[in-house]
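**Q** In the numbering used here, the protein residues as written are 1045 to 1424.
By construction, the Cβ of each residue, glycine as well, lies at the ideal position given by its N, Cα and C atoms.
For clarity, every value in this text was computed on a predicted model and none was experimentally measured.
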């Protein structure tokens, strides 16, 4: 039995199962080992003495279980609210109203000012009866703070990215409305083309935000259809050539035969667009795209499709490799929202695939994503 779940001497009473009937590592009759719980668990008996202090509670509070067990709860866990009031005196679980069933989760302070999220449940043998168990759960606030910081950074980034195109749209439309007759047709066309491009930029940013919301909530839908991924890459290359890129900058190699791939064509286009844009904008030399058959990332399938996009530029620093697919990563060059590769990873994983980054043979960056063929059951 671990130290964190050892019971204090004399902890057993009529409200607990006999010690002989409890599973090992289960001092208070929970049916599981409290050390297996992800959150901190502290349990006090009817006298207010701590009878359970699990490993997560040790980690969160920096209090050793052997020091807490048998102590009065207010001494083992001296919590204060954000106004400096002692929490157990304020709530008075043992002497307060007998109709209370617990305390909702809130931020409280440990000695030294460390914040924890605390909730409590009052266990009674009958309604309005005396308190038999006080069950306290603890959670570290660091994960929540990271999420809040990430959301704040996302809002700041989006506000910054929206400000520029919207300012441009507002400026040009106001100018055209006020001085329409003073401009030539060519000047009007130029301003309207700029407005159109900025509107497209805002539309793309909103689409990115929607994608992030769906990825974070696990609601990104994949509508599978047959996809010719070699042809899809070819269309992107043709678009770059039409926009002025030299045709010899791209090398497409497609291994035949490829397995039939069932995926969401729009989302695969989004992945390819982002990876090719990164290679063209941030890389140098030839952009090589290899499409090959490979082992499936799924254990229940034999084959999958792999796409490797590589360039001959400076590549990605080794220390940045593990941050490439995180939000707001922009590498050494500024520009853009830094959300594209985060979305790419979410789309690939929503298909059951994997994506990695490394160094290309020519010392540039190499992105490789692998998708399962994911054929519908009726075709299996």
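Nearest CA to the CA of residue 1115: which residue from 1322, 1088, 1080?
**A** Here residue 1115 refers to the residue found at position 71 of the chain shown. The shortest Cα separation from residue 1115 among 1322, 1088, 1080 belongs to 1088.
**Q** How far does the alpha helix (DSSP H) with residue 1237 in it reach, from first residue to last?
**A** Taking the chain shown and counting its residues from 1, the one referred to as residue 1237 is at position 193. Note, residue 1237: alpha helix (DSSP H), 1229-1261.
**Q** Would you check if the region 1199-1215 and the region 1175-1189 touch, i.e. whether three or more CB-CB distances between them fall below 8 angstroms?
**A** Too few Cβ pairs lie closer than 8 angstroms, so no.
**Q** If you follow the alpha helix (DSSP H) that residue 1309 is in, where does it begin and where does it stop?
**A** Start at 1 with the first residue of the chain shown, and residue 1309 comes out as number 265. It spans 1309-1326 - the alpha helix (DSSP H) in which residue 1309 sits, taken as one unbroken run.
**Q** If you run the structure through DSSP and keep just helix, strand and coil, what is residue 1166?
**A** Taking the first residue of the chain shown as 1, we reach residue 1166 at position 122. Three-state result, residue 1166: strand.
**Q** Alpha helix (DSSP H) containing residue 1274: first to last residue?
**A** Looking up residue 1274 in the chain shown gives position 230. Per DSSP, residue 1274 belongs to the alpha helix (DSSP H) from 1273-1286.
**Q** Under 8 angstroms: do the region 1110-1128 and the region 1082-1099 share three or more Cβ pairs, one atom per stretch?
**A** Verdict: yes, contact present.
**Q** Given residue 1253, which residues of its chain have a CB within under 7 angstroms of its CB, disregarding the five upstream and five downstream residues?
**A** Residue numbering aside, residue 1253 sits at position 209 when the chain shown is read from its first letter. For residue 1253, where only same-chain residues beyond five positions count, the Cβ hits under 7 angstroms are 1202.
**Q** Is it buried or exposed, residue 1250, if we count other Cβ atoms within 10 angstroms and call 16 or more buried?
**A** In the chain shown, counting from the first residue as 1, residue 1250 sits at position 206. By the 10 Å Cβ count, residue 1250 comes out exposed.
**Q** Count the CB pairs spanning the region 1207-1220 and the region 1127-1143 that are closer than 8 angstroms, and state whether there are at least three.
**A** No contact exists between the region 1207-1220 and the region 1127-1143.
**Q** List the endpoints of the continuous beta strand (DSSP E) containing residue 1184.
**A** Stepping through the chain shown from its first residue, residue 1184 is reached at position 140. First-last of the beta strand (DSSP E) with residue 1184: 1175-1184.
**Q** Mapping the DSSP letters down to three states, classify residue 1091 as helix, strand or coil.
**A** Here residue 1091 refers to the residue found at position 47 of the chain shown. Reduced to three states, the DSSP call for residue 1091 is coil.
**Q** With contact counted as at least three CB pairs below 8 angstroms, one residue from each stretch, are the region 1273-1285 and the region 1234-1243 in contact?
**A** They do not touch, by the three-pair rule.
**Q** Report the start-end ranges of each beta strand (DSSP E) in the region 1353-1416 that is 3 residues or longer and not cut off at the edges.
**A** Runs of the beta strand (DSSP E) inside the region 1353-1416: 1398-1403, 1409-1416.
**Q** Cutting at 6 angstroms between CB atoms, please list the residues of its own chain near residue 1358, excluding the five before and the five after it.
**A** If you number the chain shown from 1, residue 1358 lands on position 314. Correct list: empty, nothing qualifies.
**Q** If you count every other CB in all the chains shown that lies within 10 Å of the CB of residue 1145, and 16 or more means buried, which is it?
**A** Start at 1 with the first residue of the chain shown, and residue 1145 comes out as number 101. Per the 10 Å Cβ criterion, exposed.
**Q** Helix, strand or coil, according to DSSP, for residue 1107 in the structure here?
**A** For the purposes of this step, residue 1107 is taken as the residue at position 63 of the chain shown. Correct three-state label for residue 1107: coil.
**Q** Between which residues of its own chain and residue 1194 is the CB-CB distance below 7 angstroms, once the five residues before and five after are set aside?
**A** Taking the first residue of the chain shown as position 1, residue 1194 is located at position 150. Within the same chain, residue 1194 has close Cβ partners 1371.
**Q** From residue 1136 to residue 1142, what does the alpha carbon distance come to, in whole angstroms?
**A** Position 92 of the chain shown, counting from 1, holds the residue named residue 1136. Position 98 of the chain shown, counting from 1, holds the residue named residue 1142. Computed Cα separation, rounded: 11 angstroms.
**Q** Using beta-carbon positions only, say whether residue 1338 and residue 1305 come within less than 7 angstroms of one another.
**A** Looking up residue 1338 in the chain shown gives position 294. Looking up residue 1305 in the chain shown gives position 261. Their beta carbons are not under 7 angstroms apart, which means residue 1338 does not touch residue 1305 by this criterion.
**Q** Once DSSP output is grouped into helix, strand and coil, what is the label at residue 1117?
**A** Counting from 1 along the chain shown, the entry for residue 1117 is found at position 73. DSSP places residue 1117 in helix when its eight states are reduced to three.
**Q** Is it buried or exposed for residue 1123, if we count other Cβ within 10 angstroms and need 16 for buried?
**A** Indexing the chain shown from 1 puts residue 1123 at position 79. Residue 1123 should be labelled buried.
**Q** For residue 1382, which option in 1313, 1184, 1197 has the closest C-alpha, if you only look at C-alpha atoms?
**A** What you label residue 1382 is simply residue 338 of the chain shown in a count that begins at 1. The candidate whose alpha carbon is nearest that of residue 1382 is 1197.
**Q** For residue 1212, collect the residues of the same chain with a Cβ closer than 6 angstroms to its Cβ; drop the 5 residues on either side in sequence, then sort them by chain order.
**A** Position 168 of the chain shown, counting from 1, holds the residue named residue 1212. Counting only Cβ-Cβ distances below 6 angstroms, and skipping sequence neighbours, we find 1242.
**Q** Tell me the rounded alpha-carbon separation between residue 1271 and residue 1384.
**A** As a position in the chain shown, residue 1271 is number 227, starting the count at 1. As a position in the chain shown, residue 1384 is number 340, starting the count at 1. Distance between the alpha carbons of residue 1271 and residue 1384 is about 22 angstroms.
**Q** Taking residue 1162 as the reference, which of 1155, 1171, 1390, 1184 has the closest Cα?
**A** On the chain shown, position 118 is the one that residue 1162 refers to. Of 1155, 1171, 1390, 1184, the residue nearest in Cα terms is 1184.
**Q** Does residue 1139 come out as helix, strand or coil in the three-state DSSP assignment?
**A** Numbered from 1 along the chain shown, position 95 holds the residue referred to as residue 1139. Coil at residue 1139, not helix or strand.
**Q** Among 1340, 1417, 1329, which has the Cα closest to the Cα of residue 1405?
**A** Counting from one through the chain shown, the residue named residue 1405 turns up at place 361. For residue 1405, the nearest C-alpha among the options comes from 1329.
**Q** In three-state DSSP terms, what is residue 1418?
**A** For this step, residue 1418 is matched to residue 374 along the chain shown. It is coil, neither helix nor strand.
**Q** Span of the beta strand (DSSP E) holding residue 1151?
**A** The sequence position of residue 1151 within the chain shown is 107, counting from 1. Segment 1146-1153, the beta strand (DSSP E) holding residue 1151.
**Q** Rounded to whole angstroms, what's the CA-CA distance from residue 1234 to residue 1220? Just pull it up for me.
**A** Counted from its first residue, the chain shown places residue 1234 at position 190. Counted from its first residue, the chain shown places residue 1220 at position 176. Going by the C-alpha atoms only, they are around 11 angstroms apart.
**Q** Rounded to whole angstroms, what is the Cα-Cα separation between residue 1112 and residue 1140?
**A** In the chain shown, the residue the question calls residue 1112 occupies position 68. In the chain shown, the residue the question calls residue 1140 occupies position 96. Each residue's alpha carbon lies about 24 angstroms from the other.
**Q** Starting from residue 1295, trace the beta strand (DSSP E) both ways and give me its first and last residue.
**A** For this step, residue 1295 is matched to residue 251 along the chain shown. Where residue 1295 is concerned, the enclosing beta strand (DSSP E) stretches over 1294-1298.
**Q** Kindly indicate the opening and closing residues of the beta strand (DSSP E) around residue 1334.
**A** Counting from 1 along the chain shown, the entry for residue 1334 is found at position 290. From DSSP, the beta strand (DSSP E) with residue 1334 extends over 1331-1339.
**Q** Bridge partners of residue 1351, per DSSP?
**A** On the chain shown, residue 1351 is found 307 positions in, with the first residue counted as 1. In the DSSP output, where bridge partners are listed per residue, residue 1351 has 1335, 1413.
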